[in-house]
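Step one of this worksheet: look at the structure below.
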Ligand code: XMP
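Numbering (my numbering), first residue to last: 108 to 631.
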């Protein structure tokens with residue numbers, strides 16, 4: 108295995124991911140791990156990540172100098188490059204200009220650059236730079252600004268670069284990493300999703316022992332993958348609480364129940380809270396108030412189940428969560444090494460009742476969304492869950508403008524089902540054409556919105572006075588920005604005619620053609 112030393116702010120995550128992409132197992136460790144601890148883990152290689160600090164700062168994170176003497180090959184990027192230089196007797200200085208963004212690298216030679224051109228584009232992000240390389244090192248590459256953009260000590264198998272090979276903008280980044288892993292370290296590509304499933308299952312089981320785990324299962328990708336993993340690791344020792352607020356899409360509660368009662372062996376609890384939510388939401392029109400009501404009630408329902416388990420003599424020790432790596436970036440980086448047990452900011456929103464606390468288990472917190480999907484497939488989750496589009500926690504309540512009621516919910520669910528059916532099929536056609544799941548023009552998120560107005564229409568010879576449906580379909584990769592999908596007219600036409608024909612209560616369809624920003628993806 109490869110150990111990735113994280114020098115702060117989660118710099119190691121992307122590197123670990125790139126190593127996994129090359130089918131080599133990697134693990135992240137805090138940068139202050141001792142050489143002795145490293146020896147016990149008997150890694151085949153060490154990679155030192157970048158980091159936000161300056162090596163010359165007083166509180167700069169250090170590395171145990173003895174790691175360079177273990178006989179394990181070392182690769183270092185950016186901070187990892189500089190810390191190697193200073194630890195082994197070189198010098199790092201603070202030049203007048205920094206170097207940020209793409210730069211042209213001039214390669215002098217060396218094992219890392221085998222099979223890559225003399226001039227290549229790399230991604231730089233640094234102020235400090237190495238001036239003198241330590242004894243035994245040679246300069247392997249430079250840029251116009253940076254005299255030591257890469258250095259190596261072939262005898263001791265230590266290779267470091269000022270630039271970031273893990274970033275996509277570094278043209279030959281994966282080649283450089285491959286050269287290190289396969290030419291220098293002679294590793295084998297023997298790591299796969301199936302291995303990962305095995306490892307994660309074992310870790311999950313070991314962590315929780317005989318204790319009970321509870322999970323809020325939404326039916327979304329992340330919580331479903333945790334449930335599937337838990338099922339494999341501890342079976343019925345895991346309680347999955349599915350709070351049905353009645354605001355899910357058509358057919359969804361049934362699907363979730365089917366998967367987690369028939370296919371996976373967990374203690375599945377379907378909380379039918381539809382009526383309680385309907386009562387609480389009656390007459391509420393303000394979007395944030397809807398969100399608050401739905402969120403607060405969710406946790407009430409969830410804790411009621413936890414309390415019941417306690418009463419039944421099945422006390423809960425762990426709260427499992429489907430937190431994935433990008434959630435951690437969004438809520439501010441956690442302690443280096445990713446093992447801190449404090450509940451992160453957005454989870455602080457969980458209103459724990461007095462005296463209630465759980466230990467957290469977050470098995471997906473190292474992974475990116477596409478990896479979580481692959482893991483889900485490897486665990487045997489059906490494609491409709493694994494490739495499910497994002498869906499807001501407050502559900503259809505924020506897609507019904509104005510007060511929510513049964514009749515409106517029915518109209519929206521039916522219209523939304525048609526939108527999904529047609530655009531799922533459209534995406535599938537694009538997938539067949541391009542071979543890519545998220546090709547440039549595939550829709551990323553698509554749904555129906557029900558505004559709080561009515562309009563006149565004519566059906567047969569009858570005047571109608573019914574609701575319009577707004578179609579929202581966007582292309583995006585991370586929901587931070589989005590553009591409206593340039594859907595073919597015939598697809599739009601078919602959605603429109605089907606909705607008007609098949610959904611009682613709807614007589615018109617409009618398409619929202621606003622990007623985010625200035626709009627948002629959702630209407631509320
Ligand atoms: P907006 O509307 O802000 O949405 O462009 C961005 C993404 O977030 C989803 N979304 C939510 N997800 N709870 C959630 O879990 C929410 O309250 C919520 N509001 C929006 C939205 O579907 C889109 O993917």
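Virtual Cβ for every residue (Gly too), placed ideally from N, Cα, C.
DSSP, read as helix, strand or coil, puts residue 523 in helix.
Burial of residue 426 is indicated by the presence of at least 16 other C-beta atoms within 10 angstroms of its C-beta.
A Cβ closer than 7 Å to some heavy atom of ligand 1 marks a residue here, and those residues are 398, 497, 498, 499, 500, 501, 505, 552, 586, 589, 623, 627, 628 and 629. Taking C-alpha positions only, residue 342 is separated from residue 314 by approximately 14 Å. The alpha carbon of residue 490 has as its nearest neighbour, out of 518, 504 and 531, the alpha carbon of 531. With a cut-off of 8 Å on Cβ pairs, the stretch 258 to 265 is not in contact with the stretch 293 to 308, counting fewer than three such pairs.
The stretch 515 to 524 makes no contact with the stretch 535 to 551; the number of CB pairs closer than 8 Å stays below 3. The stretch 498 to 514 and the stretch 393 to 400 touch, with three or more beta-carbon pairs separated by less than 8 Å. Excluding residues up to 5 positions away in sequence, 286 and 290 lie with their Cβ nearer than 8 Å to the Cβ of residue 221 in the same chain.
Residue 457 sits in coil when the DSSP states are folded into three classes, being neither helix nor strand. Remark: C-beta atoms of residue 323 and residue 348 approach each other more closely than 8 Å. Taking 3 residues as the minimum length, the beta strand (DSSP E) runs contained wholly in the stretch 509 to 590 are 552 to 556, 562 to 566 and 569 to 582, in order along the chain. Residue pairing by DSSP puts residue 468 in a beta bridge opposite 427.
In the displayed model, residue 433 falls within a helix according to three-state DSSP. Here residue 346 is buried: its Cβ has 16 or more other Cβ atoms, across all protein chains shown, within 10 Å.
Taking C-alpha positions only, residue 214 is separated from residue 208 by approximately 18 Å. Using a Cβ-Cβ distance cut-off of 8 Å, the stretch 261 to 281 and the stretch 218 to 234 are in contact, since at least three pairs of beta carbons, one from each stretch, lie closer than that value. Short of 8 Å from the beta carbon of residue 529, and not among the five residues preceding or following it, lie these beta carbons of its own chain, in chain order: 598, 601, 602 and 605.
With a threshold of 16 other beta carbon atoms within 10 Å, residue 534 meets it and is buried.
Each residue's CA atom was taken as its position, placing residue 236 and residue 156 some 15 Å apart.
Counting every other CB atom within 10 Å of its CB across the protein chains shown gives residue 422 a total below 16, marking it as exposed. For the options 475, 198, 581 and 557, the alpha carbon positioned closest to that of residue 519 is the one of 557.
In the assembly as shown, residue 515 is a buried residue. Its beta-carbon has 16 or more other beta-carbons within 10 Å. Taken through DSSP and simplified to helix, strand or coil, residue 618 comes out as strand. With contact defined as three or more Cβ pairs closer than 8 Å, the stretch 456 to 464 and the stretch 493 to 507 are not in contact. Among the bridge pairs identified by DSSP, residue 161 is matched with none. Residue 325 holds the alpha-carbon nearest to the alpha-carbon of residue 350 among 361, 325, 367 and 372. In this structure, residue 581 sits away from residue 486, with a CB-CB distance that is not shorter than 8 Å.
Residue 291 carries a helical assignment under DSSP once its states are collapsed to helix, strand and coil. Exclusion of the five residues before and after residue 589 leaves 551, 552, 581, 582, 583, 622, 623 and 628 as the residues of its chain whose Cβ lies within less than 8 Å of its Cβ.
Here residue 280 carries a helix assignment [DSSP, helix/strand/coil].
Ranked by how close their Cα comes to the Cα of residue 563, the residues 593, 614, 392 and 595 have 614 in first place. Note that the C-beta distance between residue 212 and residue 250 is below 8 Å.
Residue 370 counts as exposed, since fewer than 16 other C-beta atoms from the protein chains shown sit within 10 angstroms of its C-beta.
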